[in-house]
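Q:
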Amino acid sequence: MKLAQRLLFVCAAAVLAHAAGCGKIKLDSTDAVVAAPDHHKIVLENDAVRVLEATVPLHSKEPPHTHFWPSVFFEQTSGKDEPWKTVNIRWSQGGPSKGYESADRDRHNLLVELKNTDCAPAPNPALPDTDAVKIHDPNMTVVLENEYVRVLSVTIPPGGREPWHTHTWPAVVIYFRLPPSQRFTADGKKTAREELKQLQVTYDPNGQPLHSIENLGTFPYQAYRVELKPLTK
173 MKLAQRLLFV CAAAVLAHAA GCGKIKLDST DAVVAAPDHH KIVLENDAVR
223 VLEATVPLHS KEPPHTHFWP SVFFEQTSGK DEPWKTVNIR WSQGGPSKGY
273 ESADRDRHNL LVELKNTDCA PAPNPALPDT DAVKIHDPNM TVVLENEYVR
323 VLSVTIPPGG REPWHTHTWP AVVIYFRLPP SQRFTADGKK TAREELKQLQ
373 VTYDPNGQPL HSIENLGTFP YQAYRVELKP LTK
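Mapping of the sequence shown onto this note's numbering: residues 173 to 405, in sequence order.
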């Protein structure tokens, strides 16, 4: 796509977004799922987010398309035969993509698209002292943060257990693989969870009350929480 066409594409998308109003960004036929359906699969969608799994095999052609919403972008950096073993996490502003005439490598990505980034972020959202980050546990770290999201990496070593903590904001929760584990809650209950051997993406609309998870397996427990910060409508 030539530079002039690309700039026109960006401007058109921006005009559509602002004309629609807060939380009302409209898609058209250039949307990734419509224009490049063989390469974009919807994993989860609701009023707040759309999660896409994007694949472009080596030497395949991907049509030009647009990502109308910004996203938290998980790029698989491990080999094709080791799905999601290692990932790079970054913020993507979205916009038009020229696609690939012939992909130079196997590409496998997960995009957590945020539908309401045309709304203003709430100023200085408060968090309790039990917040996962405020308890300063070294296994719960912030890997990306801006005015719209906070992305937490949660790692529990084999045989380890988290400190008690809470999650306040709604979140997309991503597991690429999990060992068996058990969850403790403040009412004294324990909930067992079997080993998970494939990608699982869920939406947590209400945050989480006080809890702790224990890793019962032989490899690290790894989860990512893409937390959605409050917005002003």
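Beta carbons: idealized from backbone N, C-alpha and C, even for Gly.
Buried or exposed for residue 314, please, with buried defined as at least 16 other CB atoms from any protein chain shown within 10 angstroms of its CB.
A: By the neighbour-count definition (other C-beta atoms within 10 Å, threshold 16), residue 314 is an exposed residue.
Q: What is the rounded straight-line gap between the Cα of residue 395 and the Cα of residue 366?
A: 15 Å
Q: Would you list the one or two residues that DSSP bridges to residue 380?
A: Residue 380 pairs with 339.
Q: If you reduce the DSSP assignment to three classes, tell me which class residue 326 lands in.
A: Residue 326: strand per DSSP, three-state reduction.
Q: Under 8 Å by Cβ, that's how I've got residue 212 and residue 275 pegged, so tell me the actual separation to the nearest angstrom.
A: So it is not a contact: roughly 14 Å between Cβ atoms.
Q: Using a threshold of 8 Å, state whether the C-beta atoms of residue 203 and residue 238 are closer than that.
A: yes
Q: Quick check: the Cα distance between residue 181 and residue 205, rounded to an integer number of angstroms?
A: With a pLDDT of 46 at residue 181, under the threshold of 50, the predicted position of this residue should be treated as unreliable, and no value is reported.
Q: With 16 other CB atoms within 10 Å as the buried threshold, where does residue 185 fall?
A: Residue placement at residue 185 is poorly supported in this model, since its pLDDT is 45, which falls under 50; the coordinates still yield a value, given next. Burial state of residue 185 is buried, judged by a 10 Å Cβ sphere holding 16 or more other Cβ atoms.
Q: Give me, in chain order, the residues of the same chain whose beta-carbon lies closer than 6 Å to that of residue 397; leave out the 5 immediate sequence neighbours on both sides.
A: 324, 343, 345
Q: Can you find the residues in the same chain that come closer than 8 Å, C-beta to C-beta, to residue 292, ignoring five residues on each side of it along the sequence?
A: 194, 403, 404
Q: Distance, Cα to Cα, residue 339 vs residue 251?
A: 33 Å
Q: In three-state terms, what does DSSP make of residue 215?
A: strand
Q: Do the stretch 250 to 265 and the stretch 373 to 381 touch if we need at least three Cβ pairs shorter than 8 Å?
A: no
Q: Quick check: the Cα distance between residue 297 and residue 215, rounded to an integer number of angstroms?
A: 29 Å
Q: Please report the distance separating the alpha-carbon of residue 288 from that of residue 317.
A: 16 Å
Q: For residue 302, which residues of its own chain have a beta-carbon under 8 Å away from its beta-carbon, when the five flanking residues on both sides are left out?
A: 336, 337, 338, 382
Q: I'd like the list of long-range same chain contacts for residue 242, defined as Cβ closer than 8 Å, with 5 residues on each side in sequence excluded.
A: 263, 264, 265, 266, 285, 286, 289, 320
Q: Does DSSP put residue 244 in a helix, in a strand, or in coil?
A: strand
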